[in-house]
Amino acid sequence: AQTVTQSQPEMSVQEAETVTLSCTYDTSESDYYLFWYKQPPSRQMILVIRQEAYKQQNATENRFSVNFQKAAKSFSLKISDSQLGDAAMYFCAYRGAQKLVFGQGTRLTINP
Amino acid sequence: KAGVTQTPRYLIKTRGQQVTLSCSPISGHRSVSWYQQTPGQGLQFLFEYFSETQRNKGNFPGRFSGRQFSNSRSEMNVSTLELGDSALYLCASSSSGAGGRETQYFGPGTRLLVL
């Protein structure tokens, strides 16, 4: 079974600084997608970024980028120029043939 | 396009009752998935529907069931409610069933409290 591990239950960063959230996964599948979702206190889950496993190039969305290391099964999220609105729970997720599997989440606090 | 909508947003039930939650996907989306979110267990997959057929099912007891209608709207039902069923139930939709790996877009959730 696929598993997703987020080893940092909580992280904090100063506004305008850069922070990296870690995620590792375990799978025997070769074709899969990886996602980072953000869940602000209002509880609406929002897609931050996604990465197709067959693509070597790391995905980027404005201030958000990933470091995808397929061999190491690692998928970290880097947030540059952190803003107060980035405060939320961040979930790493894996989708193979069967279902979307989530990590336990990292609570990110932004210090003004 | 309107996002995924879920009704009701909040619900209070007592043990032994049953409950039905509704989800309307983004227009044009044919796949709907359901998740249970609790502080202790995190986000757990319940089931996924595509074109009115259940495609995948998580490890939940038979008290949890769902269905999808021809307009892609979905409902999930929980019978004989237990205290442990208190959770945020999230619905997500995606555009098609091809491979099932498309991005899922989430609704705001239904907060269920079982007393």
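In the order they appear, the protein sequences are chains A and B.
Just so you know, we're using the working numbering here: the first sequence kicks off at 1373 and counts up by one.
Just so you know, we're using the working numbering here: the second sequence kicks off at -6 and counts up by one.
Even glycine gets a Cβ: it sits at the ideal position worked out from N, Cα and C.
Keep in mind that this is a model prediction, so the values were computed, not measured.
Asked: Can you pull the chain B neighbours of A/R1479, defined as C-beta to C-beta under 7 angstroms?; Found: None at all; the shortest Cβ gap to chain B is about 12 angstroms.
Asked: Ordered along the chain, which non-local residues of its own chain (more than five positions away) have a Cβ less than 8 angstroms from that of A/R1422?; Found: Y1405, L1406, F1407, W1408 and A1431
Asked: Cβ of A/Q1416 less than 8 angstroms from any chain B Cβ?; Found: yes
Asked: For chain A, check one thing: does any of its Cβ atoms lie closer than 8 angstroms to the Cβ of B/L74?; Found: no
Asked: Measure the alpha-carbon distance for A/L1456 versus A/P1484 and round it to whole angstroms.; Found: 7 angstroms
Asked: Any beta-carbon of chain A closer than 8 angstroms to the one on B/G21?; Found: no
Asked: Can you grab the Cα-Cα spacing for the pair B/T31 / A/F1440, in whole Å?; Found: 28 angstroms
Asked: Assuming B/L106 and B/S79 form a contact by the criterion Cβ under 8 angstroms, report the distance between their Cβ atoms to the nearest whole angstrom.; Found: 5 angstroms
Asked: If you pair each beta-carbon of the segment 1443 to 1451 of chain A with each one of the segment 1395 to 1403 of chain A, do three or more pairs fall below 8 angstroms?; Found: yes
Asked: Please name the residue in B/T0, B/Y42, B/A(-5) and B/P1 whose C-alpha comes closest to that of A/K1471.; Found: B/Y42
Asked: By the criterion of Cβ-Cβ separation under 9 angstroms, what are the contact partners of A/F1463 in chain B?; Found: G35 and L36
Asked: I want to know whether the segment -2 to 6 of chain B touches the segment 1463 to 1482 of chain A - three or more CB-CB distances under 8 angstroms.; Found: no
Asked: For a contact defined as C-beta to C-beta under 7 angstroms, what are the partners of A/F1474 on chain B?; Found: G35 and L36
Asked: Please confirm if B/F62 has its CB atom under 8 angstroms from at least one CB of chain A.; Found: no
Asked: Who are the near neighbours of A/V1376 in its chain, counting only those whose CB is closer than 7 angstroms to its CB and skipping five residues on each side?; Found: C1395, Y1397, C1464, A1465, Y1466, V1473, F1474 and G1475
Asked: Taking beta-carbon pairs under 8 angstroms, can you tell me which members of the segment 41 to 55 of chain B lie near chain A?; Found: E41, N49 and G51
Asked: Ignoring anything shorter than 3 residues, give me the beta strand (DSSP E) runs that lie fully in the segment 66 to 94 of chain B, in order along the chain.; Found: 67 to 71 and 80 to 87
Asked: Can you tell me where the beta strand (DSSP E) holding B/I19 begins and where it ends?; Found: Looking at the DSSP string, B/I19 is not in any beta strand (DSSP E), and its letter there is neither H nor E.
Asked: Excluding sequence positions up to five away, which residues of its chain have a Cβ less than 8 angstroms from the Cβ of B/S72?; Found: Q11, R56 and S58
Asked: Short of 8 angstroms in beta carbon distance, which residues of its chain neighbour A/V1385, apart from the five on each side in sequence? Order them along the chain.; Found: V1391, I1451, S1454, L1480, T1481, I1482 and N1483
Asked: How long is the line joining the alpha carbons of A/T1399 and B/S17, rounded to whole angstroms?; Found: 32 angstroms
Asked: Is the beta carbon of B/V(-3) sitting closer than 8 angstroms to the one on B/F62?; Found: no
Asked: With distances taken Cα to Cα, identify the nearest neighbour of A/E1424 among B/E45, B/T96, B/Q47 and B/L108.; Found: B/T96
Asked: Using the beta-carbon of each residue, which ones in chain A are nearer than 9 angstroms to B/S26?; Found: K1471 and L1472
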